[in-house]
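Heads up: the protein sequence lines correspond to chains A and B, in order. Following our numbering, the numbering of the first sequence begins with 20 at its first residue and continues without gaps. Following our numbering, the numbering of the second sequence begins with 20 at its first residue and continues without gaps. Note that beta-carbon positions come from the ideal geometry of N, C-alpha and C, so glycine has one too. What follows is a single structure, written as structure tokens, with notes after it.
There are 2 protein chains.
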Amino acid sequence: MSAGGTPGAGPFAALPAPPYYVVVFSSVRGGPAGGYDEAAARMVELARAQPGFLGVESARGADGFGITTSYWASEGAIQAWRRQAEHARVRERGRDWYRHFEVRVARVERTYGHPRPEPAALAGSDPPGP
Amino acid sequence: MSAGGTPGAGPFAALPAPPYYVVVFSSVRGGPAGGYDEAAARMVELARAQPGFLGVESARGADGFGITTSYWASEGAIQAWRRQAEHARVRERGRDWYRHFEVRVARVERTYGHPRPEPAALAGSDPPGP
């Protein structure tokens, strides 16, 4: 699951101006991986259907450690997502997929970035790194 | 840079009870990588020396998209880190290392996790996933 907030839109979530909320999910995979990829994709699909869902970003390194950040309009939206029935069932299975995870729920207060759109003329001389 | 909050302690930051702050740094690498690894390691070393630094977690996938979360005791600690002179110089160079980055500063309000320490007897039959 390395998809961004919108299918085909790249890895970055397109977010409104703050304040909003972020759920930071840090995890180490472990145990049998059966069904993991399907479940992760289904979770993103379910999250997108939830009121107040704003976007998601995810990265996992070759060492098995990953961070997924999901963004929500309010604490109430996060609580409703936790209560969503299918999500709750998959979370239970998640205890088999993750050796260890930590969740931090936080209120985003300010943001900044460096978009630097890529000029086509430079694309050949400035290839993406690994 | 996939090291955790404490050298040798694994990828998870050991954090106090909330509230505290998180800086979520999402990025896509790009351009020449010269000096990147050394600079990233130096940044973590400098951050650890900053008052109010609590820990850091980081993951980057094979697609070049990564998320680093650094944790701080207060907004003031984050502001002081931004003003740290060597950090500011390396940040300027960072515009060459990253094709795109987004930063979200948020106040952590609640946390939970699933530690499940690994019994030695099960280690052989329950190997870590990829």
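What are the boundary residues of the alpha helix (DSSP H) that includes residue i?
i, result
"Ala96/B", "Glu94 to Arg102"
"Leu65/B", "Tyr55 to Arg67"
Ends of the beta strand (DSSP E) at residue i?
i, result
"Ala125/A", "Tyr117 to His133"
"Phe44/A", "Tyr39 to Arg48"
"Gly85/B", "Phe84 to Trp91"
In this structure, does DSSP put residue i in helix, strand or coil?
i, result
"Gly74/A", "strand"
"Pro26/A", "Residue placement at Pro26/A is flagged as unreliable, the pLDDT there being 43, under the threshold of 50; the coordinate-derived value follows with that caveat. Note: Pro26/A maps to coil in three-state DSSP."
"Gly113/B", "helix"
So is residue i buried or exposed if we call it buried at 16+ other beta carbons inside 10 Å?
i, result
"Pro38/B", "exposed"
"Arg79/B", "buried"
"Ala68/B", "exposed"
"Glu76/A", "buried"
"Glu121/B", "buried"
"Ala151/A", "Chain A is shown from 20 up to 149; residue 151/A falls before or after that span and cannot be answered."
"Arg48/B", "buried"
"Pro51/B", "exposed"
"Pro35/B", "exposed"
"Arg123/A", "buried"
"Ala66/A", "buried"
"Ala125/A", "buried"
"Gly54/A", "exposed"
"Arg129/A", "exposed"
Any beta carbon of chain D sitting closer than 7 Å to that of residue i?
i, result
"Glu57/A", "The structure shown contains no chain D; its protein chains are A and B."
The segment 98-116 of chain A touching the segment 109-123 of chain B, judged by at least three CB pairs closer than 8 Å: no
Validate contact between the segment 79-86 of chain A and the segment 38-54 of chain A using beta carbons, cut 8 Å, 3 pairs: yes
Touching by the beta-carbon criterion (3+ pairs, under 8 Å), the segment 121-134 of chain B and the segment 64-72 of chain B: no
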